[in-house]
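A.B. asks:
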Amino acid sequence: MKLNPVRLFFAVICAVALSLGTGAIRLPSNAIQAATPKPYESPFQTPPPISVTATPSPSGHVLRYAGQLLDVQNGFVFFTTGDGFRLSPTAKIDDPAGGPTKLQPVTRVYARASFDTGSGAIVELALSSKPLPGEASYQDVQRFAVATSTEAPNPDLAAKEGFSGRDVLVTFTVQVPPRTPFGDTVYLATDISGWSATAIRMDRIDALHYRITQTFKSGTKFLYRYTRGSWQSAERGQNGLDVPPRQFLVRNADVQSVDNVVYHWGDEQSNAPDLGSSIPTPFAPIPFRTPPHH
Amino acid sequence: MIPVRRKERLRSALVNSVLLLGALLCAPRIAAAAPAPGAPPVAATPAPAPAASTPPLEVPEQSIRQTPPPAATPLPFRAFSVAAKSMAWYSNRYILTGDGNVDIHMDGGVRVTGNTFFMDVRLNRFVIAGNVKLYALGREFQGAAFSDYLDFNRQYFVPSLGAPDRWTFTDADFNHPLFGRAMPGDTFFLPDVSHDSPLVLSTRVVVQPRESLLFSRPSIKLGLVYVPFPSYFLTFGPNPNLAQNSLPGATVDGPLDLYGGGHGLASLHLRYDPVDKVFFAGEVHQVSDKHYLVASISPIDKVFKQYNFEGFDRTTPGFQVQTSLQESAFQHDFSQPLSASAYANLIMTASLPRSYVQWQSHSYYDSLLNQPLPGVNGLLYYGDPSHNWVPDHPDDVTITWHGYQNRIGKSPFYFTLRSAEGFAHDGLDPLQEFGDVPYKTIYNTTLGLNLALPSYKLLKDYSGHGRDVFLNASFDKQRESFSLIGHHTDTTITTFSLSRQFQPHLVGLVNYTITNIGDFYGGRCLSGTSPTTGADILLPCQDVAYGLNTVYTNPITGAPVPQWSAFRGFGTTRSLVEQLVFTPTTYVAANLSFRQNHDFPIPLAAYTYENNIGIEPYQATLDLRFRVAPTINLDISRSYYFNFGGIDRWSPQFFITVLQ
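Residue numbers (this note's numbering), protein chains in the order written: chain A, 790 to 1083; chain B, 19 to 678.
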């Protein structure tokens, strides 16, 4: 069979057209865009990497991300995420309503950045002294971040448990020595409250137990000791000696509970006669002075 | 054969060297290509595409912490200084800030400058942001932000050498940055303190991580105004010994820590009490993990001064010594005092197998001054007769043995034994006169037993809500025998309590305590002589001690108290307490309790609450606690005494605890 060049040309054209229609062949996106400009569809699609050498090609579609500024320098805007984003030379700096602003794009100022999805550059930066609502999430705009180095995993973060900073209810329950006076109050003294001996007052829940529930952020690490309101009455070990502070780490959990036992208090003077408190009434029958009588 | 670890180290060093070489080769070019501030960005070194296998950096919301796990062992932190145009300390959030020309000088000659500084001293990390310059190894790196996680010895840097990047330094090794390494999500988080009011303003702060802040020439907020001070030292370290207090009590105490360090602290206190009104006190600390020495003078500016010293030393792992010395002096300024008395206390504790032994001694010096020449009416005094000279010097010593708590078999009961030997001595004023014999020295021997049932589930809640009823009980018996013939005292304290958690936030408790105190005198003692025969009258010593047909009088009114007539040295206190503890949130707690006492001898009501004799028979107490701020607790407690001597009284007590 002899090939007709004209037929062959049309056949190739048809095959290419069919392949494009079924997705079997992909042309460079620039070629498609040049033919028919395609609107930006989803912020979650994976775009080609943006490099600092890429030629900006504004698409006319924007993503608005709000955050706090670390700095603006060398034509880049740095957010507190640690990412640097390219600032378009023609970027407009205004207030959230679009009007002029007296604020400067400096550290701590809140900003809403409008990213051109085509170029990845910030084309508008609205400044405010208060946090601004954003439309896009960090994940939406992270792809526009410019970085010289390849991102590398951090074994510090991956290998072990991290802390989310969530609120965790922590309940401390302590069993006190049986000879603790019933009316006495027990406190938690912690390093994060300056070791005040009366920092956290506990509630008596029965004759020998006190309890308190507090909220801490997970990841909080602190030292604590039990006292009866002063450092002279701080807890002692079962061997009568001073005990080092207990340590506590708040983990990622809804609740945590801690059970401790105090064996002695620092002001226990169970057997020493008290020479200074002899009151001549029937209420002080011990030990040396007898009550007054006639 | 090279060990695996060494191989890894070699590989790491090789990779780091290649990376550093690349950085050093690229950096000058990047810097040269860097545009002027405000200029449009120019093309620089192309950024390589992220590796397919590299997981994306997940950055949570800014308010969420994502921090590395804590270091296994604490790191030795080096102090660093921070200077700025204005620095502020937000005590309620433990945040230190700096604005304008921030300049940080760190260990090893490392210097970081920038526009803004934030440090969370509890998280022990700081951020410096805005036009950051990092000076290290004789070089200068420009960037947008620098953060140091001191607990983990990780430094994070966002350089801006033409184009942004992420560098991580480990162990402050600025020679070997880890390029592009993922950072914790909130590495450069800047807390919002716009709604908080700083406690301290300054321009220079020396930070000793995990221990202290030293402010130079600060202004401290006192009420509504900022008052300048020469210095302010704030300690928040792990060593509680800096919180040891040697000052006597006061109604209000406002401490101002002026100077200090990891092992020392000098404080000025502004205090108030009803006697001295407003006055100043001073206190100094010298501490380590195993010892503390604390000395104070209070008041400094009043004539009646109290000098206190507290000392403690953990000499060995099984031995510690503790002492308290106090001198009370009446002196104008610091001149020769007109009166001076002292008290000394020494406690030594030694650990033994499953027990410990403790020495306790108390010495009282009623006057430390030399005997003055006789004055008016032959009285001995300095200045005027109100400063009388008393040479009395009583003291006592007790050596106590204390056993560990032992469980009785597999039962829920525990027992503890204790015993003591000691003596009390007063050479001038006899401790006791009995049968016309003065006793200047009395020896004592003590034996004690405690039997405890810490927590026993009496009634089980089968609904699964944990509303079980628990029983607690304690029985304590002590006998103290004295060298005085046949004299001993018995003390027995028996306690029962039932408790139940009705709801997760509501706990109920009923407690019944019986305390028996018996003062026994055995044998027969000389009571006097018969007026008719002149023979000695011998009576039971108990009757001699407490008298026969004794008519006790009310010490307040002078009226006889017939109910006390039966008192022969034996007293009993029975106390029933019902209590509800309601804790709806962690910020609010309400504690309602009723107490009823049935005692012998009966209590006597006085005109004022403080002068009541004995325990008021009926008492209702409501205690409310609010955490009004992270560092402020408001504690309001009020008791109502009723059905007592025809006088019902409120006992208002308000406590406000303000933490640093």
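Every residue gets a Cβ at the ideal spot worked out from N, C-alpha and C, and that includes glycine.
#1: Using the beta-carbon of each residue, which ones in chain A are nearer than 9 Å to LEU527 of chain B?
#2: Give the interface partners of SER385 of chain B over in chain A, defined as CB-CB distance under 9 Å, in chain order.
#3: Give a yes or no on whether the C-beta atoms belonging to ARG235 of chain B and PRO227 of chain B are separated by under 9 Å.
#4: When you compare the CB positions of LEU1030 of chain A and GLN338 of chain B, do they come within less than 9 Å of one another, or not?
#5: Note down the Cα distance separating PRO580 of chain B from SER373 of chain B, rounded to an integer number of angstroms.
#6: Residue range of the beta strand (DSSP E) that ALA563 of chain B falls in?
#7: At the 9 Å Cβ level, is ASP15 of chain B part of the contact set with chain A, yes or no?
#8: In chain order, what residues of the same chain have a beta carbon less than 8 Å from the beta carbon of ALA57 of chain B, not counting five sequence neighbours either side?
#9: Could you have a look at ASP125 of chain B and say whether DSSP puts it in helix, strand or coil?
#10: Just the Cα atoms here: how many angstroms apart are ALA1061 of chain A and LEU364 of chain B?
#11: Is it buried or exposed, LYS323 of chain B, if we count other Cβ atoms within 10 angstroms and call 16 or more buried?
#12: Whose Cβ in chain A lies nearer than 8 Å to the Cβ of PHE197 of chain B?
#13: Name the DSSP bridge partner or partners of TYR382 of chain B?
#14: Of all the CB atoms in chain B, is at least one closer than 9 Å to the CB of PHE1037 of chain A?
#15: Could you check whether the Cβ of TYR112 of chain B sits closer than 9 Å to any Cβ belonging to chain A?
#16: Counting contacts by CB-CB distance shorter than 9 Å, is PHE971 of chain A in contact with chain B?
#17: Please identify the residue among B:LEU640, B:THR418 and B:ILE631 whose C-alpha is closest to the C-alpha of THR575 of chain B.
#18: In whole angstroms, what separates the C-alpha of ARG897 of chain A from that of ILE146 of chain B?
#19: Just the chain A side, please: which residues come within less than 9 Å of THR513 of chain B by C-beta, in chain order?
#20: Among the candidates B:THR131, B:TYR108, B:TYR167 and B:ARG592, whose CA atom is the shortest distance from the CA of LYS239 of chain B?
#21: Near TYR854 of chain A, what residues of its chain come up, given a Cβ to Cβ distance below 6 Å and the 5 sequence neighbours on each side ignored?
#22: Are the C-beta atoms of VAL895 of chain A and some chain B residue less than 9 Å apart?
#23: Hey, how far is the Cα of ARG184 of chain B from the Cα of PRO209 of chain B?
#24: Looking at the secondary structure, which residues open and close the beta strand (DSSP E) in which TYR174 of chain B lies?
#25: When you compare only the Cα positions, how much space is there between ARG1025 of chain A and TYR1015 of chain A?
#26: Should ASN193 of chain B be flagged as near chain A, meaning a C-beta pair shorter than 9 Å?
#27: With distances taken Cα to Cα, identify the nearest neighbour of ASN490 of chain B among B:ARG656, B:ALA563 and B:THR512.
#28: Contact check, GLN1045 of chain A vs VAL959 of chain A under 8 Å by CB: the rounded distance?
#29: Does DSSP put LEU946 of chain A in a helix, a strand or coil?
#30: Could you pull the start and end residues of the alpha helix (DSSP H) that TYR927 of chain A belongs to?
#31: Buried or exposed: PHE98 of chain B, going by 16 or more other Cβ atoms within 10 Å of its Cβ?
#32: Kindly indicate if chain A contains any beta-carbon less than 9 Å away from that of ASN263 of chain B.
#33: Mind pulling the chain A residues with CB within less than 8 Å of ILE656 of chain B?
#34: Please report the straight-line C-alpha distance between VAL387 of chain B and GLN349 of chain B, rounded to a whole angstrom.
#35: Quick check on the burial criterion: 16 or more other C-beta atoms within 10 angstroms. Buried or exposed for ARG993 of chain A?
#36: Applying a beta-carbon distance threshold of less than 7 Å, which residues of chain B neighbour TYR1052 of chain A?
C.D. replies: Taking the structure as given:
#1: By 1-based counting over the second sequence, the position of residue 527 of chain B is 509. Per Cβ cutoff of 9 Å: ARG993, ILE994, ASP995 and ALA996.
#2: Translated into the one-based positions of the second sequence, residue 385 of chain B becomes position 367. Residues of chain A passing the Cβ test: none, with the nearest at roughly 16 Å.
#3: By 1-based counting over the second sequence, the position of residue 235 of chain B is 217. By 1-based counting over the second sequence, the position of residue 227 of chain B is 209. Not closer than 9 Å, so no.
#4: Your numbering for residue 1030 of chain A matches position 241 in the first sequence. Your numbering for residue 338 of chain B matches position 320 in the second sequence. Yes.
#5: As a working mapping, residue 580 of chain B is identified with position 562 in the second sequence. As a working mapping, residue 373 of chain B is identified with position 355 in the second sequence. If I take the Cα positions, the gap works out to 47 Å.
#6: In the second sequence, counting from the first residue as 1, residue 563 of chain B sits at position 545. No beta strand (DSSP E) holds ALA563 of chain B; the alpha helix (DSSP H) holding it covers 559-564.
#7: Residue numbering for chain B in the displayed model covers 19 to 678; residue 15 of chain B lies beyond these limits and cannot be assessed.
#8: By one-based count along the second sequence, residue 57 of chain B stands at place 39. For ALA57 of chain B, the predicted structure reports a pLDDT of 32, less than 50, and the residue's modelled location is therefore unreliable. A value from the coordinates is still provided. Counting only Cβ-Cβ distances below 8 Å, and skipping sequence neighbours, we find nothing.
#9: Locating residue 125 of chain B in the second sequence gives position 107, counting from the first residue. Three-state DSSP puts ASP125 of chain B in a helix.
#10: Along the first sequence, one-based indexing puts residue 1061 of chain A at 272. Along the second sequence, one-based indexing puts residue 364 of chain B at 346. Low confidence applies to ALA1061 of chain A: its pLDDT is 42, below 50, so where it sits in the model is not reliable, and the reading given next is rough at best. Cα to Cα, the separation comes out at about 12 Å.
#11: Position 305 of the second sequence holds residue 323 of chain B. Buried.
#12: Numbered from its first residue, the second sequence carries residue 197 of chain B at position 179. The contacting residues are THR937, SER938, THR939 and ALA941.
#13: Your numbering for residue 382 of chain B matches position 364 in the second sequence. Answer is B:TYR361.
#14: The residue you call residue 1037 of chain A lines up with position 248 of the first sequence. No, PHE1037 of chain A does not count as interfacial toward chain B.
#15: Locating residue 112 of chain B in the second sequence gives position 94, where the first residue counts as 1. Taking Cβ atoms only, chain A reaches closer than 9 Å to TYR112 of chain B, which makes this a yes.
#16: Residue mapping note: residue 971 of chain A aligns to position 182 of the first sequence, counting from 1. So yes, PHE971 of chain A belongs to the interface.
#17: Locating residue 575 of chain B in the second sequence gives position 557, counting from the first residue. Ranking B:LEU640, B:THR418 and B:ILE631 by Cα distance to THR575 of chain B puts B:ILE631 first.
#18: Along the first sequence, read from residue 1 onward, the residue named residue 897 of chain A stands at position 108. Along the second sequence, read from residue 1 onward, the residue named residue 146 of chain B stands at position 128. Straight-line Cα distance between these residues: approximately 11 Å.
#19: Taking the first residue of the second sequence as position 1, residue 513 of chain B is located at position 495. Within 9 Å Cβ-Cβ: PRO967, PHE971, ALA996 and LEU997.
#20: For the purposes of this step, residue 239 of chain B is identified with residue 221 of the second sequence, where counting begins at 1. Taking only the C-alpha atoms, the option nearest LYS239 of chain B is B:TYR108.
#21: The residue labelled residue 854 of chain A in the question sits at position 65 within the first sequence. Here the set comprises ALA902, GLY923, ALA925 and VAL930.
#22: Sequence index remark: in the first sequence, residue 895 of chain A carries index 106 (1-based). Chain B contact via Cβ: present.
#23: Within the second sequence, residue 184 of chain B is the residue found at index 166, counting from 1. Within the second sequence, residue 209 of chain B is the residue found at index 191, counting from 1. If I take the Cα positions, the gap works out to 21 Å.
#24: As a position in the second sequence, residue 174 of chain B is number 156, starting the count at 1. Here the beta strand (DSSP E) through TYR174 of chain B covers 172-177.
#25: Working through the first sequence from its first residue, we reach residue 1025 of chain A at position 236. Working through the first sequence from its first residue, we reach residue 1015 of chain A at position 226. For ARG1025 of chain A and TYR1015 of chain A, the distance between alpha carbons rounds to 9 Å.
#26: The residue labelled residue 193 of chain B in the question sits at position 175 within the second sequence. No, its Cβ sits nowhere closer than 9 Å to a Cβ of chain A.
#27: What you label residue 490 of chain B is simply residue 472 of the second sequence in a count that begins at 1. It is B:THR512.
#28: For the purposes of this step, residue 1045 of chain A is taken as the residue at position 256 of the first sequence. For the purposes of this step, residue 959 of chain A is taken as the residue at position 170 of the first sequence. Going by Cβ atoms, the distance from GLN1045 of chain A to VAL959 of chain A rounds to 5 Å, so yes, they are a contact pair.
#29: For this step, residue 946 of chain A is matched to residue 157 along the first sequence. Three-state result, LEU946 of chain A: helix.
#30: The residue you call residue 927 of chain A lines up with position 138 of the first sequence. Here the alpha helix (DSSP H) through TYR927 of chain A covers 927-930.
#31: Counting from one through the second sequence, the residue named residue 98 of chain B turns up at place 80. Buried: at least 16 other Cβ atoms inside 10 Å.
#32: As a working mapping, residue 263 of chain B is identified with position 245 in the second sequence. Yes - at least one Cβ of chain A is within 9 Å of the one on ASN263 of chain B.
#33: Reading the second sequence from its first residue, position 638 is the one you call residue 656 of chain B. Position check: residue 656 of chain B holds Arg in this sequence, whereas Ile was assumed. Per Cβ cutoff of 8 Å: no residues; ARG656 of chain B is ~15 Å from chain A at best.
#34: The residue labelled residue 387 of chain B in the question sits at position 369 within the second sequence. The residue labelled residue 349 of chain B in the question sits at position 331 within the second sequence. Position check: residue 387 of chain B holds Leu in this sequence, whereas Val was assumed. If you take the alpha carbons of LEU387 of chain B and GLN349 of chain B, they lie about 12 Å apart.
#35: What you label residue 993 of chain A is simply residue 204 of the first sequence in a count that begins at 1. Answer is buried; the Cβ neighbour count reaches 16.
#36: Counting from 1 along the first sequence, the entry for residue 1052 of chain A is found at position 263. Residues of chain B passing the Cβ test: GLN423.
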